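Worksheet for the structure shown next.
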Amino acid sequence: MSNQHTSTLRVPLVSEERTLGQLTEEICAPMERKPSRMWWVAFALAVATLAVGVGMVTYEVSTGIGVWGLNKTIGWAFDITNFVFWVGIGHAGTLISAILFLFRQKWRTSINRAAEAMTLFAVMCAAIFPVIHMGRPWNAFWVLPYPNSRGSLWVNFRSPLLWDVFAISTYFTISAVFWYFGLIPDLATVRDRVKGGLKKAVFKVLSFGWNGSSRTWHRYETVYLLLAGLATPLVISVHTIVSFDFATSVIPGWHTTIFPPYFVAGAVFSGFAMVLTLMIITRVVLGFEHLITLRHLENMTKVIIVTGGIVSLAYGTEFFIAWYSGNPYEKFTFMNRAFGPYAWAYWTMVTCNVVSPHLFWFKKVRTSPAAIFVLSLVINVGMWFERFVIIVTSLHRDFLPSSWSMYTPTVVEVGTFVGTFGLFFTLFLLFTQVLPIISIGEVKSVAAFARGSHAPEHASHPAHGSETPHEHPAEAPEPLPTPALAAVAVRKDMPV
Amino acid sequence: MSETTPKYWQSLAARAGDPAVLERSRNEFAEELPVGVAAQPPDASSRRDFFKVMGLSAAAAMVACQRAPVQKAVPFLTKPDELTPGLSLWYASTCGACSAQCGVLLKTRDGRPIKVEGNAEHPVSRGGVCAVGQASVLSLYDANRSRWPSVGGTKSTWASLDQAVTEGLRKVAEEGRAIRLVLPWVMGPTAEAAVARFLAAFPMARTVRYDATGELEAIAEAHRLTHGVRVVPDYRFDQAKLIASFGADFLGTWVSPVAFTRQYSAARDAAGSREMSRHWQLEPLMTLTGASADKRVPVAASDLVPALAGLVKRLAQKAGRVVDGLSGVPAPRVDAAVLDTLADELWSAKEKALVVCGGDEPAAQVLANQANELLGNAGTTVSVSGGITLDTGAMTLGELLAELEAKQVGGVLFHGVNPAYTHPRGESLVALLKDVAVTVATSDRLDETASLVRFHAPDHTPLESWGDAEPRRGVLSLRQPVVSPLHETRGTVESLLKWAGVEQSHHDFLRARWEAEIFPRANVATGFQAFWDEAVRQGVAVVLPQPATTESPAFRPESVAEALAGTAAADEGLELVLYQKVGLRDGALANNGWLQEMPDPISKATWGNYLCVAPATAAKLGISDGQVVRVSTGGKTLAVPALVQPGTHPRALGLAMGYGRTKVGRIGNAVGENAFVLASFTNGKVRRAALGVKLEVTPEKKPLALSQTHASMEGRGLVREAELAEFLANPRAGNEEEGGHGGGHPLSIWSGHEYKGHKWALAVDLSACTGCSACVVSCQAENNIPIVGEDEALRQREMHWMRIDRYYEGEPDAPRVVHQPMMCQHCENAPCETVCPVLATVHSTEGLNQQVYNRCVGTRYCANNCPTKVRRFNWFDYKHDEPLERLVLNPDVVVRTRGVMEKCSMCVQRIQEGKAEAKREGRELRGGDIRTACQQSCPARAIHFGDINDPDSDVAKLAKSGRAYRLLEEINIGPAVTYLTKIRNTGNGSAE
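First to last, the sequence lines map onto chains A and B.
The end of the first sequence is residue 720 by my numbering, with every number in the run present.
The end of the second sequence is residue 1449 by my numbering, with every number in the run present.
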């Protein structure tokens, strides 16, 4: 049965001819075969890196924050830089799954699952830092407003750090629910494919008794839409609130009203770069080049051009306002960023974030996975430096020159940061082995098969009836495309 | 069951008496129970153990059901009348940390002294006390002090030591060999009397006086030349309209800095008197005093004598007199116009002028005396008769060394001196003392000198002993012990008496002497007991001076020529000046962490010494901060890091004394390098300045633990200043920024705080503040602030709640310096308060920004958002691991754990104490009831604390003055700390 269609307007999102069954087979394949040698190597590397992180955090928590390079002037550096960096990474997932869903951007389907998973893992990595950066992390639960027996002790609702707690935890919860909810049809697919045993039982429970009926699908899609609507404001709110950590302070370089949009754009920017990094590896390793196509990559690079532009504009605006406001402290802070002792970090940031995205204007670059991969890494480095520049260069020379200072990270800080990459990749690698990393149900809806401009030749067309058979056969109106799901529903060879 | 044959047999084997079977049958179970026995020895009775453990657990569980036993603090069976647990007792006493002997009040809690404060009723120091004095309480608990007397390095008893020393000395006396007491110049009249008794008992004995820094010695020697008496005159900076100081760091280290700072700031209170003295400072290195000077001229050390000679020449011209002996002095390499102006100004101030001179060069002191004599200021700004007369018959240490080399000495006693460390030929003592029959040292530890002697008779610390001092003639300052000796130590006065055969305790000797000699001069109607009680209570007694004459001994005009004989022109090379740091002085208290970590008021360096190099010289030689340089002079070489110090004369290099100790203890050992070894020793005379040196720059770097690394104010209006003339014309001069951009923020989305009762506030007079850092150490002592050590200081993590910011302005070669004490500003709209997620920092109803340690989780967000960066974080558990040193902790202030933020609380414990006291007495709080630690210790009275809601309070008045401004008003933080503009009297008429 040929589902192959050629459209004059659109490049197909699934670039190779595949039946629905083949799609299912392909996407489920990594879960059903033994992990490859390469996976094991990657996994071992990731776990080893994670172990370094665990070791560093254990040392830090047992010894004191003093093992970091902070001092009396610079109270945050790597810790909060990494926190904002990871939260930023975590942005793309929800943006892809929720906002692009609402905008009916069908190309999201093959990357949203992995991007959402990435979001969750990135937020987990991010969440580590606010906890371990505390002097007394064992008391971290004090930031939660729970009824307690400590008299009238309560949290400070004026503190942006508290808002962070709510923003991040809400974001994580909604992202997890959204992700999990999107997984249910696929979990059912896996359930139905598994022969038996524990795995079957587990997936049975996880898939909530999904039966693939159209009523189920209908409810599923309604809830999915609602969740997408719910998650959308969070995409904006999380990084807005993270930016409030800085924007509501009094420190020149932090105290800036531009931060909320600037941070959100930056987060999307870095998040897409991270999605690209991961997807480019995944599609090659798992052989998903036809599902995660160059077109996907290209689309994402376009988002990067836009958000990169916003970020560049924000950098420029900051400088302009620093000059225009006439505030000597702010003016100094920005001059110090560009020409002070941390100028190297600033110019690294500018090179990576302002200059490098413009290479994506070239189609050649935009369609070369290798080039995109390199640039995505460059952008991630740049975005990390953006946060470093904001945090450290603002703190190290603030109002009173007497307290000016310098910051150098220690091995422990670098190790902790590297360790979060270990955690991230450990989780991501596990994810590729235990769950379908592409939404099976959704990708089928964009497969060539579902594009349906040609109906099977002998399909019945009730609209035509039998009153005018063979009349002006050449002028007969094009038969209506068969709805994809209708076609799926008659198939017996695959559970949907 | 019987051991042998059982009546009934279980098996044939048992009947046959198989020992294995018999053994088994004795066990309750023939086989081991299978429950958890794998690891047990085969014969263990696991069932029993099981029941035992179960029973124990049950019992433990029962016990746990009861209330945990309450550990009671056992109260005194018979409570001493004056002691109430939880309340402090204050004793008036005399500081023993240096030769200035200021009056202090010692705060004790439950029998242990925890704080040194100034005694406001003391006529000399008048309420201030310096950093060193503050820190002396920590030295009391120094774990490296000797805990018992020792003979030949092994623990001994006082009885056997006394016997051995007495016998030894008697033998030496019989042999007719010399006995030498090596003593500091200033000891106090009673100690001197004890010395006199000792000398009387041993006719062969003589005193040797030694001063590690040479300053007192030079002054005394100069006065011996000019006035015929060894005396340190009484200087009165408060009487001076014009002060010309030639290298005398009189606000930091010279003679009596606390008293001088008090006098100095009193004479420079422009707001109060509308008059202000003018201060000229000519010096090779940038000192604390130079930093406060209105006119400061860098002058090479070798040019101080020529410059003074030039000044004397000019003054003599004006006086129409001729001073002999000046012709041999080379012309000073100082701008003649400077000396002309200075001479003019001095001459117009006449008897209201004062010339002082620092350093160890008697010739310079003689010229200063001559200048004062020409000005005719005797009795107004300087009084020879009112000074302290020093031991006239004493030998110098150089003479002693010669005697030792000639093996003429049979007994040497070192007290209050450490020549093995502080003398350039100190190491020769190792060999020289071996040949001396009786060697005794009384230092509080086995230091460099004490470890060379046979008998170590450790002295009490000043806090443990009686004593007295006469810091100004007629002012008798009494020292009383405030704690019974912590170790088996004994006051040296008592030791000397004992060895002289006088069986009298220190107290009895002191009291008897006061009864016999001081009471008759007191001119009081009461009996001695009442006088004594009052003296002990007040810590000071003002009596008729003895001898009663106030007439100054006549000036000997020929002395100048005598002193200047042989003055040769110095070459143009680099000159090393050994100087004293405000914190460490001569290094006697080098094991004191508070002093080691106190940032130097000028360089802001903690822990260690460094070579101060002028910026121009550093540029020429390619030296940057931390560059290790090798300084060589007189065959000795030291490798020390350099520090580019603005204001240093291009030819001058400065190296602080007091570092590089080897036997002082775990804190002070091997911190920095011993600069004393570079001093020259020729003709029995030590020279510590103008030493020709060779400098070799190495590529090595040794980072300096600076607490402040940026010296420019970057044009920000943080310290505001005005010229006196401008200020007199316009009280807001220099303070115009207030009310500009930042003035008045009518719009706020929050309703402000309301203060129905008190609102505490501080006012800091930048004009008075000299930067001496007494407040920094006072704060550290009061608030249990840990020291963090050099490594952590290098990471800029020192914990001081209050710091003194120092900024330079103008040319690096001759900069103007400002100091700004910086503590928590207790902002009205505190940025820290809004950002803490757990409300660990909150605003009190009395305007304090409070830190709740046990609520803090340590996000450090508050510190980041603090515009003045005064918050300090406990990066580690700063252990007070030495039990003895823990005794210094103030029980009113919590010791913070790691991971929490801390900061200035405006001494909230003192506020509460003051309020409780007022409530107990049933009255309103009065101004002055509560004094913060920094305010209390400030010799310059630059810090004022009070209730700004009380319109009559100092603070309220100062906050309304034209000089008042608050920091960073443009960001609307509303600090509770008011700064008052710095007023300078440079005579330029316009502030830059």
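Yeah, the Cβ is synthetic: ideal placement off N, Cα and C, and Gly gets one too.
Computed from a prediction, not measured in an experiment: that's the story for all the values here.
Contacts of residue i in chain B (Cβ-Cβ under 7 Å)
i	result
N380 (chain A)	C1293, P1294, V1295, L1296
Reference residue i, options the options, closest by Cα
i	options	result
F707 (chain B)	B:P1072, B:M743, B:S1137	B:M743
G606 (chain A)	A:S286, A:T305, A:A275	A:T305
E974 (chain B)	B:K1360, B:V629, B:L832, B:P1002	B:P1002
S805 (chain B)	B:H1337, B:I700, B:F694, B:T710	B:I700
L682 (chain B)	B:A1011, B:A1168, B:Q720	B:A1011
V1295 (chain B)	A:N577, A:S334, A:F309, A:R374	A:R374
S885 (chain B)	B:L854, B:V581, B:A1168, B:V1345	B:L854
Partners in chain B for residue i, counting only beta-carbon separations shorter than 9 Å
i	result
H357 (chain A)	G1315, T1316, R1317
V638 (chain A)	Under the 9 Å cutoff, chain B gives no residues; its nearest Cβ is about 16 Å from V638 (chain A).
F302 (chain A)	Neighbours of F302 (chain A) on chain B: none; closest Cβ ~13 Å, over 9 Å.
N363 (chain A)	V1295, R1312, C1313, V1314, G1315, G1356
Closer than 7 Å to chain B by CB, residue i
i	result
L296 (chain A)	Checking the sequence shown, residue 296 (chain A) turns out to be Lys, not Leu. Chain B, which has a Cβ nearer than 7 Å to the Cβ of K296 (chain A), makes this yes.
G477 (chain A)	no
S677 (chain A)	Residue placement at S677 (chain A) is flagged as unreliable, the pLDDT there being 44, under the threshold of 50; the coordinate-derived value follows with that caveat. S677 (chain A) does not count as touching chain B.
T243 (chain A)	no
W462 (chain A)	Note that residue 462 (chain A) is Val in the sequence shown here, rather than Trp. No - not a single Cβ of chain B is within 7 Å of the one on V462 (chain A).
S629 (chain A)	yes
S399 (chain A)	no
W366 (chain A)	yes
Closer than 7 Å to chain A by CB, residue i
i	result
I1428 (chain B)	yes
M733 (chain B)	no
G1356 (chain B)	yes
L745 (chain B)	no
Q1165 (chain B)	yes
L1425 (chain B)	yes
D1338 (chain B)	no
D1262 (chain B)	yes
D475 (chain B)	no
N1187 (chain B)	no
P1324 (chain B)	yes
A495 (chain B)	Residue placement at A495 (chain B) cannot be trusted, given a pLDDT of 48 that sits under 50; what the coordinates show is reported in the next sentence. No, its Cβ sits nowhere closer than 7 Å to a Cβ of chain A.
Q1253 (chain B)	yes
N1321 (chain B)	yes
Under 7 Å from the C-beta of residue i: neighbouring residues of chain A
i	result
W1332 (chain B)	G288, I289, G290
R663 (chain B)	Going along chain A, no residue has its Cβ under 7 Å from R663 (chain B), so there is no contact; the nearest lies around 52 Å.
L1175 (chain B)	L624
Any non-hydrogen atom of the ligand MG closer than 6 Å to residue i Cβ
i	result
G1172 (chain B)	Here there are no bound small molecules, and the ligand MG is not part of this structure.
CB contact check: residue i to chain D, cutoff 7 Å
i	result
P660 (chain A)	No chain D is part of this structure, whose protein chains are labelled A and B.
Partner residues on chain A for residue i, Cβ-Cβ distance less than 8 Å
i	result
S1169 (chain B)	P625
Interface partners of residue i on chain B, CB under 8 Å
i	result
Y556 (chain A)	The displayed chain sequence assigns Phe, not Tyr, to residue 556 (chain A). E1171, listed in chain order.
Exercise for review: Ignoring anything shorter than 3 residues or poking outside the stretch 675-740 of chain B, list the beta strand (DSSP E) runs there in chain order.
Suggested key: 688-692, 699-703, 735-740
Practice item. Only counting runs of 4 or more residues, tell me where the alpha helix (DSSP H) segments fall wholly within the stretch 799-838 of chain B, in order along the chain. Key: 819-832
(request) Please go through the stretch 506-549 of chain A and give each complete alpha helix (DSSP H) segment of 4 or more residues, from N-terminal end onward. (result) 518-548
Q) At a Cβ cut of 7 Å, what residues of the stretch 484-497 of chain A count as close to chain B, listed as they run along the chain? A) none
TODO: Would you list, in chain order, the members of the stretch 1269-1289 of chain B that have their beta-carbon closer than 8 Å to a beta-carbon of chain A?
DONE: Q1277, M1279, P1288
Please specify which runs of the beta strand (DSSP E), each continuous and at least 3 residues long, are wholly inside the stretch 1058-1135 of chain B, giving them in chain order.
1068-1070, 1084-1090, 1093-1101, 1109-1113
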